[in-house]
Every structure is written in C-alpha cells, then in structure tokens.
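Input: a single structure, listed below in structure tokens.
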Amino acid sequence: MEWSGQKQFLAAPTVPFDVGGADVGELKSHGPLSFLKVHRAGHLVPMDQPEAALQMIKILLRGTLV
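Remember, the working numbering sits 454 above the position in the sequence shown when you count from 1.
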C-alpha cells in the first residue's frame, strides 16, 4: 500500500500484545495504521483465541490500540 507514512510504519517497533499476562500476539503501529497479529489463531480469531479477540475489540472501541 502506498502511503506517506509507509517508511515510518515499516521502521516502527513490533510490541507484544498481552492479555491477562500472557503474550498472545504482536502489534505494530504508526499514525492511523495498526497491524495486530494474534498467535495461534486463524482467520476466525474469536474461535481460536477468544480472550485475545475480546481484548482486541475492547481496545478498538476505546480507540487505544495504538
């Protein structure tokens, strides 16, 4: 995707996504773009990692993912 923040996004650090003290994924963000990868989950994250999916939705609704 072409975007003026592409270089900064690629250079941004990947940080752990923790739920209940467990590392369940990786988060990378810059500006308005965030990418969250949930470990041990397929395309139906709520089925494979329900706690992580719930936390992801909560922080997305609060606007605090980044």
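Built from N, CA and C at the ideal position, the CB exists for glycine as well.
Keep in mind that this is a model prediction, so the values were computed, not measured.
Helix, strand or coil at residue 480 according to DSSP, with G and I counted as helix: Correct three-state label for residue 480: strand.
Can you tell me the Cα-Cα spacing of residue 476 and residue 482, whole angstroms? Between the alpha carbons of residue 476 and residue 482 lies a gap of roughly 18 Å.
Sequence-distant residues of the same chain with beta carbon closer than 8 Å to residue 492, five excluded per side: For residue 492, where only same-chain residues beyond five positions count, the Cβ hits under 8 Å are 471, 478, 479, 499, 502, 503, 506, 507, 510.
Run through DSSP, which three-state label would residue 486 get? The DSSP-derived three-state label of residue 486 is coil.
In chain order, what residues of the same chain have a beta carbon less than 6 Å from the beta carbon of residue 487, not counting five sequence neighbours either side? Same-chain partners within the cutoff: 463.
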